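Heads up, the sequence shown is in our numbering, so the first residue is 901 and it goes up one at a time. Beta carbons are placed, not taken as given, at the ideal position from N, Cα and C, and that holds for glycine. Keep in mind it's a predicted model, so treat the numbers as computed, not measured. Each remark here refers to the structure printed beneath this line.
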Amino acid sequence: MLERFPSEIVRKIANHFNRRDFIECVQVNRSWRQHLPPYSSHLWKHVDIKTDDHLLFLTQTSCFGQYIDSCNIIKGDNDALLYPTLKRLQGCHLQSLVIDWFKIEDNKRLADLLENMRCESLKLNGVSGACLDFFGIIMAANGDGCLRHFACHYDAMYPILALAENENMCPYPPPAPPLPNTYQFGLVSLALTTQNIRADWMDILQRCSSTLQHIHIDVADPISCHDIMNTCPQLQSMFIGEFGVPKMVKWPPPSSSDKQGLRYFGHWGTCHDTNAMKFVLDHQHTLEYLYLSTWVPVKVPPWSDLDSFQSTSLKTLVCAQVHECTPHTIASLIRQSPNLETVALYPVDHSITDKIWHPLMNLDALQHLSIHLQIWQYGDDRDQHWRALIRRLSTMTTLRKLELTALDGANNDHFSQLFQMFHDMPLEKLRLLSIRELDDKALEALIPHASLMEQVDIVDCPIVTIHGIKTLVNGLPKLRNATFSIAQAQRMPAGVDEFISYAKSKGVKVVVNRLH
């Protein structure tokens, strides 16, 4: 009967259905299996499979499977969930498939199941077990050549250290079976930890040399940035070193221009490539984003190579824990990059000196500043240094977003002075991290001076309470988003759900969570 109704009538009825409603309908009336599914396509864009109940749910949705765009298979408490789920997805064409935290022992079985699927993006997050047959998995998932994005994060970042406890670890994987030299992967992006991959990573790169645009690779062996770039000349972003799963597949947006060249470069952890800074210089005229959180284990660190860096294209500079890099080099990077819009400084060997502050204050396009400060180290002069900080920040009249971390030694009077300075700034986003002395009363002092504030994030500030966040929700007229993140050891505040609902009624989206 339903199939006789005009489609607009059916659509209005179906708009009130959830997934379970659609499943029950097609179970009740066999003729509806062909008629109803198209009206439910928006409900099947993404599915998470975490339990046997979810797998049963997937089994009941065979006529809806064609509408699934992305699927996350998450281990949860059931390590046997992976293969039955992949079997149920046979024949699907997915934009994204994520395999999360499973122990993989049978490479061939995994490859056989992937072979009868199509996916444009395949991510293996936190997997463990036997050495992964990279080529076998890629060839199976690639099928008719549709695979464009591959990420594999092996859970044991340093398997050689865990060998004694886990016989399944594989610090020296056996070589992969040879492939024809002509076989190309066609990958656009690649992110992987290579310690447990049965493949030579340079061989991997050579097989996507003409298409690869983004790479994030964490390797234990010395790695040459120049070799990677020479092998894959189309690269737009290169991230080298340690990484966590959430960060490893966040690629930069497409370029708005036709200009060729490396746009994004980042390095985490120990840098085994002593020519890495020379590599940065080679690409100084195309780089838009430079992230350095590293140290170079040689007697004379080559940071001074960056003293001659000059770039009008660089928009973002992040210097986090750049061991033994002098204030002179950091100041030079800022001074010689006049179009910087975002600067983040988290020094470990020194404080942010006048030598660094001066070029910062002279940036005409600076919109986002993130800094780590420790006021206590100035002793009896802390009030004087605090006033100097306020004076410096007040000159940055283009700032839209400010992130302040630590501020150890600051008190409520200091915070009041800081917030008063916001009165003459077009500040829209404020993020305060790990500030021990910040409390609800200090946050209240922000309200008269932040009429343009749209977002406030309070992260790991132990004596701030829900009451302080509620004060901001009630007092900031343009506030639309707020985050309140507490330390892992803290108890979740009482009344969180009620507060989130209250904030929503005021037009503010509030997220309350624990830091991982």
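State the beta-bridge partners of residue i as determined by DSSP.
i: Leu1269; result: Val1243 and Leu1302
i: Leu1332; result: Leu1304 and Ile1358
i: His1223; result: According to DSSP, His1223 bridges with nothing at all.
i: Arg1414; result: Ile1386
i: His1116; result: Ala1091 and Phe1139
i: Gly1166; result: Phe1139 and Tyr1191
i: Ile974; result: Asp1000
i: Lys1409; result: Asn1381
i: Val1218; result: Tyr1191 and Ala1244
i: Gln1274; result: Asp1308
Between which two residues does the beta strand (DSSP E) holding residue i run?
i: Met1138; result: Ser1137 to Ile1140
i: Gln990; result: Gln990 -> no beta strand (DSSP E), and no H or E assigned at all.
i: Tyr939; result: Segment: none, Tyr939 is in no beta strand (DSSP E) and carries neither H nor E.
i: Ile1025; result: Residue identity differs from the one stated: residue 1025 is Asn in this sequence, not Ile. From DSSP, the beta strand (DSSP E) with Asn1025 extends over Arg1018 to Gly1029.
i: Ala1051; result: His1049 to Tyr1054
i: Ile1038; result: No beta strand (DSSP E) contains Ile1038, which is instead part of the alpha helix (DSSP H) from Phe1034 to Asn1042.
i: Asp948; result: His946 to Ile949
i: Asn1007; result: That residue, Asn1007, is in no beta strand (DSSP E); its alpha helix (DSSP H) goes Asn1007 to Glu1015.
What did DSSP end up calling residue i once you bin it into helix, strand or coil?
i: Cys963; result: helix
i: Gly1086; result: coil
i: Gly1161; result: coil
i: Phe1319; result: helix
i: Gly1309; result: coil
i: Asp1230; result: Looking at the sequence itself, residue 1230 is Ile, so the reference to Asp does not match. Ile1230 falls in the helix class under three-state DSSP.
i: Cys1125; result: helix
i: Gln927; result: helix
i: Lys1404; result: helix
Whole angstroms is fine: what's the gap from residue i's alpha carbon to residue j's?
i: Thr1093; j: Tyr1246; result: 26 Å
i: Asn1413; j: Tyr1083; result: 46 Å
i: Met1321; j: Asn1239; result: 25 Å
i: Asp1044; j: Lys1008; result: 19 Å
i: Asp1308; j: Trp1203; result: 29 Å
i: Ser996; j: Ser970; result: 5 Å
i: Thr1111; j: Gln1136; result: 11 Å
i: Ile1271; j: Val947; result: 39 Å
i: Phe1384; j: Leu1269; result: 20 Å
i: Asn978; j: Leu956; result: 14 Å
i: Ala1350; j: Gln1210; result: 36 Å
i: Pro1326; j: Leu1190; result: 26 Å
i: Leu1418; j: Ile1123; result: The question about residue 1418 has no answer here: the residues shown for the chain are numbered 901 through 1416.
i: Val928; j: Trp1001; result: 37 Å
i: Thr1295; j: Gln1355; result: 22 Å
i: Asp1461; j: Arg1018; result: Past the boundaries of the shown model lies residue 1461; the chain is included only from 901 to 1416, so the question cannot be answered.
i: Arg1292; j: Trp1286; result: 10 Å
i: Lys1409; j: Ile1369; result: 12 Å
i: Leu981; j: Ser907; result: 38 Å
i: Phe1319; j: Asp1357; result: 15 Å
i: Ala1062; j: Lys1003; result: Caution is warranted here: a pLDDT of 35 is assigned to Ala1062, below 50, making its placement in the model unreliable, and the coordinate value is therefore given only provisionally. Ala1062 and Lys1003: Cα-Cα distance of roughly 16 Å.
i: Leu958; j: Lys945; result: 13 Å
i: Gly1407; j: Leu1352; result: 15 Å
i: Asn1042; j: Leu994; result: 12 Å
i: Ile999; j: Cys1031; result: 16 Å
Taking CB distances under 7 Å as the criterion, tell me whether residue i reaches chain D.
i: Tyr1246; result: Absent from the structure is chain D; it holds one protein chain and no more.
Since I believe residue j is in contact with residue i (beta carbons under 8 Å), could you give me their beta-carbon distance rounded to a whole number of angstroms?
i: Glu1020; j: Arg1048; result: 5 Å
i: Asp1324; j: Thr1298; result: Between Thr1298 and Asp1324 the Cβ distance is about 12 Å, and since that is not below 8 Å, they are no contact.
i: Leu1330; j: Val1359; result: With 8 Å as the limit, Leu1330 and Val1359 do not qualify as a contact, their Cβ atoms being about 11 Å apart.
i: Ile968; j: Cys992; result: 6 Å
i: Gln1267; j: Ile1290; result: Not quite, the Cβ-Cβ distance comes to about 19 Å (not below 8 Å), so this is no contact.
i: Ile1115; j: Met1138; result: 6 Å
i: Glu1188; j: Thr1212; result: Wrong, their Cβ atoms sit about 11 Å apart, outside the cutoff.
i: Cys1219; j: Leu1181; result: So it is not a contact: roughly 16 Å between Cβ atoms.
i: Thr1186; j: Gly1161; result: 3 Å
i: Leu1013; j: Tyr983; result: 6 Å
i: Glu1306; j: Leu1273; result: Note that residue 1306 is Ala in the sequence shown here, rather than Glu. With 8 Å as the limit, Ala1306 and Leu1273 qualify as a contact, their Cβ atoms being about 6 Å apart.
Kindly indicate the opening and closing residues of the alpha helix (DSSP H) around residue i.
i: Leu1291; result: Reading the sequence as shown, one finds Arg at residue 1291 and not Leu. Looking at the DSSP string, the run of the alpha helix (DSSP H) that includes Arg1291 is Arg1282 to Ser1294.
i: Lys912; result: Ser907 to Ala914
i: Leu1105; result: Trp1101 to Gln1106
i: Phe1179; result: Ala1176 to Asp1182
i: Trp1195; result: Not the alpha helix (DSSP H): Trp1195 falls in the beta strand (DSSP E), residues Tyr1189 to Trp1195.
i: Ile1366; result: Ile1366 to Gly1375
i: Glu1344; result: Asp1340 to Glu1344
i: Trp1257; result: Asp1254 to Met1261
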